[in-house]
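See structure below.
Residue numbers (the numbering used here), protein chains in the order written: chain S, 80 to 398; chain Z, 15 to 313.
See the structure below:
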């Protein structure tokens with residue numbers, strides 16, 4: 080028990096002291112961006128790993144959140160601390176537009192619907208010129224402020240993303256361990272059985288989709304103020320594929336799996352930037368090799384080694 | 015040009031591009047029907063096939079037809095190799111790993127695109143020495159020989175495939191595998207062989223489609239896999255997964271909607287029409303417009 084506390088204290092010290100240890104701005108930037116991708120991966124894991132709903136349009140909800148924040152701050156001069164939760168809510172409300180009509184779709188069909196929705200969002204952002212300035216994007220998104228203190232340094236942004244990530248992890252854990260989480264896993268493993276037991280499956284599916292996309296919106300909102308420029312290309316279809324791959328690569332339906340997946344899929348291509356054009360080659364190979372050897376993801380493999388092999392993954396094709 | 019002539023002209027253009035979508039859609043729908051996942055790398059196989067054809071043409075030793083056949087054979091081999099290395103091992107883990115295969119396919123797609131960019135650069139290449147171009151004027155409409163070639167080749171290939179699937183023993187085995195893999199295995203069908211054949215056919219069709227498109231637009235580029243891949247897999251879904259005639263008809267339908275939509279509604283939204291068709295189909299006809307009856311041409 081004491082050891083466990085020690086681990087937590089060391090972890091907290093490392094996380095809080097990280098900006099002091101990392102002096103290089105570039106690495107600090109990568110750590111901050113990794114935090115953002117981790118939020119997206121964790122919320123994706125909630126939707127797919129626990130909710131069993133294949134979502135191939137997650138990046139578009141981050142784009143929605145980013146545009147909400149940018150427009151609220153630029154047009155209405157709202158504070159970031161007001162714009163951020165509104166952006167999350169905006170993404171969640173728009174996810175209702177997808178979630179309710181597609182409620183009956185299962186597996187890959189839902190994935191394709193969300194993929195199509197994501198591309199329609201991107202095209203709308205491209206073409207809704209008066210609002211979004213199309214491909215030119217929205218520059219000059221103001222930095223967040225606390226009183227008279229303007230958050231501009233990498234260190235300050237680091238603490239914000241750390242807090243947001245911890246809130247996301249805490250919130251998703253609460254959802255997973257709640258009545259809703261149990262209901263979701265029951266639906267994921269056998270929807271017919273769950274319904275027979277009186278679980279209102281449609282409502283739970285829409286609800287988990289909203290919770291997940293809320294956090295995607297928050298991640299996008301952070302991106303908008305951190306980079307201070309967004310365009311329809313900030314979050315593309317390939318990003319949705321990457322976010323979908325993150326929890327599966329790390330280990331679906333686990334606490335740490337999505338974090339590992341996000342870390343690998345974001346840091347690997349960035350860290351090998353020296354080899355410029357070859358970098359995505361490693362990513363492609365890594366995805367294939369991991370899937371071929373560890374179909375349950377990196378953590379899933381460890382669990383299998385430890386003899387805790389669970390077969391409760393969402394199935395895409397009901398027999 | 016009279017507005018009606020203009021409309022007919024757009025119909026012809028849509029028909030031509032739609033027949034290419036049909037060719038590529040076949041690869042998606044066959045794999046989806048048998049393995050239950052969307053092979054996102056199929057569009058990139060199509061792109062690689064086109065580049066291989068371009069390389070063959072570039073040597074100067076091949077006519078367009080010879081380059082087309084050569085690239086079709088090479089791409090068929092590549093398709094089978096991808097299946098063997100990247101999907102078959104996942105299949106070994108049993109049912110319920112379709113999402114794992116999906117991620118593997120995303121990996122293959124990233125790999126092929128990057129590879130193409132490294133070898134051939136990100137720029138657009140002209141398909142030198144492509145099809146001989148003659149334009150006919152019929153009733154004020156411009157119809158080029160390339161368009162006629164595309165239609166003839168696409169229809170001929172699809173007819174051959176349909177005959178293969180419905181009239182040969184291997185075709186029957188393919189249909190059996192799509193219906194029930196376990197039962198097919200118990201009947202002595204080699205599932206691995208059937209799936210390899212499926213990937214070979216799909217990749218050959220994709221390479222032919224790619225060569226024809228490359229010649230039609232005189233443009234070959236690493237991201238072309240998505241330009242055609244998205245309407246093509248939409249066609250696979252709209253046509254009803256696993257249904258060959260469905261994919262063929264839906265491919266043409268999507269080509270028409272896309273061409274007419276970008277001509278009369280908004281050209282900037284061109285890529286969006288396929289998605290709107292996709293979403294409407296999923297919402298109102300979740301099993302596709304042309305659901306294959308059991309045992310009838312379903313692969």
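C-beta atoms are modelled at their ideal positions from N, C-alpha and C, and glycine is treated no differently. Since the model is a prediction, treat every value here as computed from it, not as a measurement.
Taking the C-beta atoms as reference points, residue 134 of chain S is found no nearer than 7 Å to residue 143 of chain S. Residue 253 of chain Z is positioned such that its CB atom lies closer than 7 Å to that of residue 304 of chain Z.
Using a Cβ-Cβ cut-off of 7 Å, residue 320 of chain S counts as an interface residue toward chain Z, since at least one Cβ of chain Z sits closer than that to its own.
The beta carbon of residue 166 of chain S sits closer than 6 Å to the beta carbons of 144, 147, 148, 296, 300 from its chain, once the five residues preceding and following it are set aside; these are given in chain order. Taking a 10 Å sphere around the C-beta of residue 312 of chain S, we find fewer than 16 other C-beta atoms and assign the residue as exposed. The same chain holds no residue with a CB closer than 7 Å to that of residue 87 of chain Z once the five nearest residues on each side in sequence are set aside. Just measuring C-alpha positions, the residue of S:370, S:239, S:283, S:194 sitting nearest residue 260 of chain S is S:283. Listed by position along chain Z, the residues whose Cβ is nearer than 9 Å to that of residue 196 of chain S are 289, 293.
Any Cβ of chain Z closer than 7 Å to the Cβ of residue 367 of chain S would place that residue at the interface, and such an atom is present. If you compare the alpha carbons of Z:47, Z:209, Z:68, Z:258 with that of residue 35 of chain Z, the shortest gap goes to Z:258. In the three-state scheme derived from DSSP, where H, G and I count as helix and E and B as strand, residue 22 of chain Z is classed as helix. Put simply, the backbone Cα of residue 239 of chain S is about 50 Å away from that of residue 223 of chain Z. Burial is judged here by how many other beta carbons sit within 10 angstroms of a residue's own beta carbon; residue 116 of chain S has at least 16 and is buried.
Taking 7 Å as the cut-off, the beta carbon of residue 40 of chain Z is found closer than this to the beta carbon of residue 219 of chain Z. Chain S has no Cβ within less than 7 Å of the Cβ of residue 191 of chain Z. Residue 152 of chain Z carries a strand assignment under DSSP once its states are collapsed to helix, strand and coil. S:314 is the residue among S:277, S:161, S:314, S:359 whose C-alpha sits nearest the C-alpha of residue 119 of chain S. Residue pairing from DSSP leaves residue 372 of chain S without any beta-bridge partner.
The secondary-structure analysis by DSSP pairs residue 148 of chain S with nothing; it has no beta-bridge partner. In the structure shown, the three-state DSSP call for residue 203 of chain Z is coil. Under the 10 Å beta carbon count, residue 243 of chain Z is surrounded by 16 or more other beta carbons and is classified as buried. Where residue 283 of chain S is concerned, the enclosing alpha helix (DSSP H) starts and stops at 280-306. The C-beta of residue 103 of chain Z comes closer than 7 Å to at least one C-beta of chain S. Cβ-Cβ separation between residue 219 of chain S and residue 158 of chain S: approximately 16 Å, too far for a contact (criterion under 8 Å). The CB of residue 192 of chain S comes closer than 8 Å to the CB of 292, 293, 296, 297 in chain Z, given here in chain order. By the neighbour-count criterion, in which a residue is buried when 16 or more other Cβ atoms sit within 10 angstroms of its Cβ, residue 181 of chain S is buried. With the rule of 3 Cβ pairs closer than 8 Å, the region 199-214 of chain S counts as touching the region 286-300 of chain Z. Z:264 is the residue among Z:239, Z:237, Z:264, Z:24 whose C-alpha sits nearest the C-alpha of residue 248 of chain Z. Looking at the DSSP output, residue 139 of chain Z sits in a beta bridge with Z:234. Minimum Cα-Cα distance from residue 102 of chain S among the listed residues S:112, S:234, S:153 corresponds to S:234.
Taking C-beta separations shorter than 6 Å and ignoring five residues to either side along the sequence, the partners of residue 228 of chain Z in its chain run 64, 141, 234, following chain order. Under a criterion of Cβ atoms nearer than 8 Å, the residues of chain Z adjacent to residue 374 of chain S are, in order, 104, 107, 111, 114. Contact between residue 134 of chain Z and residue 245 of chain Z does not hold, since their C-beta atoms are separated by about 23 Å, which reaches or exceeds 8 Å. Contact of residue 217 of chain Z with chain S by beta-carbon distance below 7 Å is absent, the smallest such distance being about 17 Å. Against residue 232 of chain S, chain Z offers no close residue; the least beta-carbon distance is about 34 Å (beta-carbon pairs closer than 7 Å).
Per DSSP, the unbroken alpha helix (DSSP H) holding residue 188 of chain Z starts and ends at 183-193.
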